[in-house]
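Asks:
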């Protein structure tokens with residue numbers, strides 16, 4: 010395995026990891042509550058009182074600005090030329106929609122004059138007048154047909170005429186001049202802009218590299234803190250279950266190969282095929298039922314704070330953790346054992362097995378020295394798949410036994426629409442899968458001389 014192959018493998022891993030992270034970012038921007046604070050999808054009268062649409066829009070605008078959601082999405086932004094020109098006026102979030110549409114319809118110069126007077130005018134009039142005029146401007150914006158825009162236009166003109174101030178008269182004059190202008194056609198052509206590092210993707214990526222996954226919308230804790238608190242339980246039950254399953258699969262598979270024609274082997278294989286078809290939730294319920302009927306009791310988990318050893322010991326002393334590990338082992342063992350047995354059967358039909366037996370080696374010695382090492386190599390891929398699959402099984406098992414792990418946290422986050430936590434756990438699981446697959450490939454290259462030399 011030369012330096013070039015190692016470098017290419019590392020670059021492939023990093024590119025795949027970057028692509029995975031970028032896809033998670035894009036999906037996170039499509040979530041329904043990403044652009045509004047919790048409770049802002051409907052007018053919450055308990056929090057905001059009898060708030061009108063303008064007040065709610067102002068609160069939403071402040072939220073978006075504070076969380077960087079108004080920043081450009083990527084380093085390069087493609088938008089219409091008219092919208093690029095409208096951004097030069099620096100409208101706030103309340104005015105952005107109608108300012109952009111006005112520039113696209115009537116050109117930049119007249120809109121710039123109108124909006125300049127607008128900023129002075131809205132400071133002098135009551136909030137009710139400003140909100141009413143903003144409402145009519147939004148209606149005028151949403152109507153694309155000239156006939157449909159006539160009613161909002163008349164209402165805006167009527168409202169401005171009713172105001173006696175000089176600024177209202179100037180605003181009315183610019184409003185009427187605005188209607189007589191038409192924007193050039195090139196305003197509707199796409200324009201490419203370089204945004205630099207001031208974009209949402211760059212900020213999100215930099216925060217991710219620092220371990221900052223955002224804030225939970227449920228209890229306002231850091232997402233990384235909630236995940237780190239839950240991941241210990243998942244790792245313990247998954248690791249214990251995998252160790253038990255691997256040990257059982259090794260010895261049982263060896264026994265099946267040594268007694269391949271025995272009645273016990275045939276009967277055990279039938280049982281393993283049956284167990285392999287049982288879903289995770291049914292295994293968890295069966296184990297829980299047997300434990301409770303036998304007189305056991307389920308105790309709530311209160312992990313001991315302090316050192317890692319003390320924390321782990323407190324988890325291992327809880328019956329729920331032990332039963333969860335047993336369920337993981339029961340879920341994984343049949344598949345591992347059957348695949349190892351199939352691999353051993355294939356190796357028993359190879360020529361080198363008969364050669365070893367012809368040299369005088371016993372079947373047990375041949376299995377240990379020659380068959381088992383060759384059979385374990387294909388099982389390495391299976392072990393990586395099982396390791397990834399354990400995460401899916403842990404979701405059901407943690408819910409069944411009320412274990413405070415990643416699966417339980419993910420289920421609670423889905424039920425409470427805690428999207429930052431959902432995105433954080435999803436990203437962690439995808440990175441974990443990518444790391445396991447890459448380590449498996451690397452182990453294959455190290456253990457298989459054909460791949461190492463090729």
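Residue numbers (the working numbering): 10 to 463. Think of the CB as a built atom: it goes at the ideal place given N, C-alpha and C, for glycine as much as any other residue. This structure is a prediction, so every number in the text was calculated from the model and none was measured.
(1) Thinking C-alpha only, which one of 432, 402, 450 is nearest residue 33?
(2) Using the DSSP secondary-structure output, state which residues sit across from residue 87 in a beta bridge.
(3) If you measure between the beta carbons of residue 297 and residue 332, is that distance less than 8 Å?
(4) In the DSSP assignment, what residue or residues form a beta bridge with residue 274?
(5) What residues in its chain sit with their C-beta under 7 Å from that of residue 408, if we drop five residues either side in the sequence?
(6) Pull up the DSSP beta-bridge partners for residue 231, would you.
(7) Under the three-state reduction of DSSP, which class applies to residue 285: helix, strand or coil?
(8) Measure the C-alpha to C-alpha separation of residue 56 and residue 444 and round it to an integer number of angstroms.
(9) Please name the residue in 328, 400, 230, 339 whose C-alpha comes closest to that of residue 282.
(10) In three-state terms, what does DSSP make of residue 99?
(11) Rounded to whole angstroms, what's the CA-CA distance from residue 15 to residue 215? Just pull it up for me.
(12) Please list the terminal residues of the continuous alpha helix (DSSP H) segment that includes residue 373.
(13) Just reading off the alpha helix (DSSP H) that residue 410 is part of, what are its end residues?
(14) Considering only residues of the same chain and omitting the five flanking positions on each side of residue 289, which have a CB-CB separation below 7 Å?
(15) Hey, residue 127 and residue 177: beta-carbon distance below 8 Å or not?
(16) Is residue 81 helix, strand or coil when you go by DSSP?
(17) Could you name the residues of the same chain whose beta carbon sits closer than 8 Å to that of residue 183, not counting the 5 residues immediately before and after it, in chain order?
(18) Taking the continuous alpha helix (DSSP H) assigned at residue 156, which residues delimit it?
(19) Alpha carbon to alpha carbon, how far is residue 82 from residue 466? Give it in angstroms, no decimals.
(20) Looking at the structure shown, is residue 71 part of a helix, part of a strand, or coil, going by DSSP?
(21) Indicate whether residue 26 and residue 440 have their beta-carbon atoms separated by less than 8 Å.
(22) Please report the straight-line C-alpha distance between residue 360 and residue 271, rounded to a whole angstrom.
(23) Return the CA-CA distance between residue 203 and residue 93, expressed in angstroms with no decimal places.
(24) When you compare the segment 103-117 with the segment 163-178, are there three or more beta-carbon pairs, one atom per stretch, that lie closer than 8 Å?
(25) Go through the segment 127-182 residue by residue and report every complete run of the alpha helix (DSSP H) that reaches 4 residues or more, in order.
(26) Below 8 Å between beta carbons: does that hold for residue 261 and residue 346?
(27) Check residue 190 in the structure and name its three-state DSSP category.
(28) Considering Cα atoms alone, identify which of 140, 397, 142, 113 is closest to residue 198.
(29) With residue 380 and residue 353 assumed to form a contact (beta carbons below 8 Å), what rounded beta-carbon distance in angstroms separates them?
(30) With the cut-off set at 8 Å, would you say residue 330 and residue 242 are in Cβ contact?
(31) Are the CB atoms of residue 274 and residue 263 within a distance shorter than 8 Å?
(32) Should residue 282 be listed as close to the ligand COA, given that the test is whether its C-beta is under 7 Å from any heavy atom?
Replies: Per the coordinate set shown:
(1) For residue 33, the closest C-alpha among the options 432, 402, 450 is that of 432.
(2) Beta-bridge pairing links residue 87 to 201.
(3) In this structure, residue 297 lies near residue 332, with their beta-carbon atoms less than 8 Å apart.
(4) Per DSSP, residue 274 has no beta bridge partner at all.
(5) Once the five neighbours on either side are set aside, the close Cβ partners of residue 408 are 416, 417, 420.
(6) The partner list for residue 231 (beta bridge, DSSP) reads 224.
(7) In the three-state reduction of the DSSP assignment, residue 285 falls in the helix class.
(8) At residue 56 the pLDDT is 48, less than 50, meaning the model places this residue with poor confidence and gives no usable figure here.
(9) Selected option, being the one with the closest Cα: 339.
(10) The three-state reading of DSSP puts residue 99 in coil, since its state is none of H, G, I, E or B.
(11) Cα-Cα distance, rounded: 27 Å.
(12) It spans 372-375 - the alpha helix (DSSP H) in which residue 373 sits, taken as one unbroken run.
(13) Element bounds for residue 410: n/a, residue is neither H nor E.
(14) Cβ neighbours of residue 289 beyond the five flanking positions: 340, 402, 405, 406.
(15) No; because the gap between Cβ atoms is not below 8 Å, this pair is not in contact.
(16) Three-state result, residue 81: coil.
(17) Within the same chain, Cβ atoms closer than 8 Å to the Cβ of residue 183 are found at 119, 122, 123, 126, the five residues on either side in sequence being excluded.
(18) Going by DSSP, residue 156 is part of no alpha helix (DSSP H) at all; its letter is neither H nor E.
(19) Any question about residue 466 goes unanswered here, given that the chain covers just 10 to 463.
(20) In the displayed model, residue 71 falls within a helix according to three-state DSSP.
(21) Cβ atoms of residue 26 and residue 440: closer than 8 Å.
(22) Straight-line Cα distance between these residues: approximately 23 Å.
(23) So the alpha carbons of these two residues sit roughly 12 Å apart.
(24) At 8 Å Cβ cutoff, the stretches do not touch.
(25) 136-151, 159-170, all fully within the segment 127-182.
(26) Residue 261 places its beta carbon less than 8 Å from that of residue 346.
(27) Per DSSP, reduced to three states, the secondary structure at residue 190 is coil, with no helix or strand assignment.
(28) Ranking the options by Cα distance to residue 198, first place goes to 113.
(29) Contact between residue 380 and residue 353 holds, with the beta-carbon distance rounding to 6 Å and staying under 8 Å.
(30) For residue 330 and residue 242, yes; Cβs fall inside 8 Å.
(31) Cβ atoms of residue 263 and residue 274: not closer than 8 Å.
(32) Of the ligands one can find in the structure shown there are none, so the ligand COA has no counterpart to examine.
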